[in-house]
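A.B. asks:
In the numbering used here, the protein residues as written are 18 to 352.
(1) Take residue 107 as the anchor and find which of 277, 155, 60, 117 has the nearest alpha-carbon.
(2) Report the three-state DSSP secondary structure of residue 146 (helix, strand or coil).
(3) Would you be able to state if there are at least three C-beta pairs under 8 Å between the region 269-277 and the region 112-130?
(4) Looking at C-beta atoms only, is the number of pairs between the region 304-324 and the region 281-288 that lie closer than 8 Å three or more?
(5) Would you tell me roughly how many angstroms separate the C-alpha atoms of residue 311 and residue 153, rounded to the nearest one?
(6) For residue 344, count the other beta carbons within 10 Å of its own beta carbon; 16 or more makes it buried, fewer makes it exposed. Which is it?
(7) Could you name the residues that DSSP lists as bridge partners for residue 56?
(8) Cβ atoms of residue 158 and residue 178: under 8 Å apart, would you say?
(9) If you run the structure through DSSP and keep just helix, strand and coil, what is residue 125?
(10) Give me the Cα-Cα distance between residue 295 and residue 69, rounded to the nearest whole angstrom.
(11) Using DSSP with H/G/I as helix, E/B as strand and the rest coil, what is residue 187?
(12) Which value, in whole angstroms, describes the spacing of the CA atoms of residue 91 and residue 212?
(13) So if DSSP puts residue 216 in a beta bridge, which residue, or which two residues, is it bridged to?
(14) Pull up the CB-CB distance for residue 208 and residue 235, whole angstroms please, since I reckon it's below 8 Å.
(15) Can you name the start and end residues of the beta strand (DSSP E) that residue 268 belongs to?
(16) Any idea what DSSP makes of residue 97, helix, strand or coil?
(17) In the DSSP output, which residue or residues are listed as bridge partners for residue 40?
(18) Roughly how many angstroms lie between the CA atoms of residue 186 and residue 176, to the nearest whole one?
(19) On the DSSP letters alone, give me the boundaries of the beta strand (DSSP E) that residue 154 sits inside.
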């Protein structure tokens with residue numbers, strides 16, 4: 018495994034000078050590692066881990082056609098249903114006009130929520146509703162129209178994030194990214210998503226980010242309904258995520274809380290029934306999680322970050338966990 022990672026990085030470094038002649042605008046690598054330790058029922062566990070090792074390429078093939086590629090060296094590169102298993106991004110965007118663009122390839126499913134929208138390497142703790150999606154990035158097509166400055170609406174047809182690879186399950190998304198006020202940024206969506214049990218789920222996802230001096234506060238809400246089933250339309254299956262960062266010099270002081278819930282009756286539990294309609298958060302599940310800590314940027318930029326976090330989750334009431342880690346980024350090429 019270590020030899021494979023080393024060869025991949027060396028190969029990338031070797032070919033980047035050639036890419037510079039072929040419309041590559043930026044190439045870089047980032048990595049996040051850490052040491053996790055926990056105490057549960059008097060038993061100590063700890064160990065080192067690597068969360069991410071990514072290669073990024075960004076460039077253009079013409080004045081109005083750009084591309085993005087991000088490949089993870091910490092995931093299996095291929096699976097039978099998902100040949101691009103380790104490739105998060107592999108898309109091209111055609112800027113058809115000043116206001117309209119068309120994107121095709123493997124790219125994020127357009128869910129609202131800043132937890133989903135942020136780069137995974139910058140997210141330390143996830144809600145179950147996001148963390149346990151089968152896929153975050155899928156093959157699809159997205160059309161985006163800028164309705165006003167800093168306001169855009171997207172329509173997307175893609176592979177379902179509730180399917181394990183390339184199947185006949187699809188996702189249909191309407192997404193709005195904008196600002197209601199200078200201090201209030203939004204990422205909202207309505208999604209209709211097939212799952213492999215034959216159920217279509219309706220997601221309403223409202224991501225809100227507020228800026229108050231040095232404080233950044235995220236408030237994300239998810240409401241899920243299994244269509245064509247006897248389920249309450251609101252507040253019976255969903256999630257709430259609250260996240261704050263306070264900038265203090267080279268430090269970010271951070272705190273996050275998540276709450277996932279799904280009422281016990283949200284499923285078909287008759288003889289031969291499919292069970293829970295929601296395949297991500299099963300019927301009868303309820304849990305909260307809390308984490309607090311800091312990020313420190315010794316160079317004053319994102320090229321080097323040290324982090325430390327403490328977390329608790331209600332499903333493991335006697336567990337106390339501490340995470341220490343390091344993230345760094347280095348450029349291979351930048352035009």
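Heads up, the beta-carbon is just placed ideally off N, CA and C, and yes, glycines get one too.
Everything numeric in this text was worked out from a predicted model, so none of it was measured.
C.D. replies: According to the structure shown:
(1) As a working note, residue 107 is residue 90 in the chain shown. Comparing Cα-Cα distances from residue 107 to each of 277, 155, 60, 117, the minimum goes to 155.
(2) As a working mapping, residue 146 is identified with position 129 in the chain shown. Note: residue 146 maps to helix in three-state DSSP.
(3) no
(4) By the Cβ rule, the region 304-324 does not count as touching the region 281-288, because fewer than three pairs are nearer than 8 Å.
(5) In the chain shown, the residue the question calls residue 311 occupies position 294. In the chain shown, the residue the question calls residue 153 occupies position 136. Annotation: residue 311 to residue 153 spans about 26 Å, alpha carbon to alpha carbon.
(6) Here residue 344 refers to the residue found at position 327 of the chain shown. Looking at its Cβ environment, which holds 16 or more other Cβ atoms inside 10 Å, residue 344 is buried.
(7) Mapped onto the chain shown, residue 56 falls at position 39. Looking at the DSSP assignment, residue 56 forms a beta bridge with 61, 337.
(8) Here the question's residue 178 lines up with position 161 in the chain shown. Here the question's residue 158 lines up with position 141 in the chain shown. Contact: no.
(9) Position 108 of the chain shown, counted from the start, is the residue given in the question as residue 125. Residue 125 sits in a strand when the DSSP states are folded into three classes.
(10) Mapped onto the chain shown, residue 295 falls at position 278. Mapped onto the chain shown, residue 69 falls at position 52. Going by the C-alpha atoms only, they are around 28 Å apart.
(11) For the purposes of this step, residue 187 is identified with residue 170 of the chain shown, where counting begins at 1. The answer is strand: DSSP assigns residue 187 an E or B state.
(12) By 1-based counting over the chain shown, the position of residue 91 is 74. By 1-based counting over the chain shown, the position of residue 212 is 195. So the alpha carbons of these two residues sit roughly 27 Å apart.
(13) Counting from 1 along the chain shown, the entry for residue 216 is found at position 199. For residue 216, which the question treats as bridged, DSSP gives no partner whatsoever.
(14) Position 191 of the chain shown holds residue 208. Position 218 of the chain shown holds residue 235. Actually they are not in contact, since the Cβ atoms of residue 208 and residue 235 sit about 19 Å apart, beyond 8 Å.
(15) Taking the first residue of the chain shown as position 1, residue 268 is located at position 251. Here the beta strand (DSSP E) through residue 268 covers 268-279.
(16) Counted from its first residue, the chain shown places residue 97 at position 80. If DSSP states are grouped into helix, strand and coil, residue 97 belongs with coil.
(17) Working through the chain shown from its first residue, we reach residue 40 at position 23. Residue 40 pairs with nothing; no bridge assigned.
(18) Within the chain shown, numbered from 1, the residue matching residue 186 stands at position 169. Within the chain shown, numbered from 1, the residue matching residue 176 stands at position 159. When rounded, the distance between both Cα atoms is 6 Å.
(19) Position 137 of the chain shown, counted from the start, is the residue given in the question as residue 154. Residue 154 -> beta strand (DSSP E) spans 154-165.
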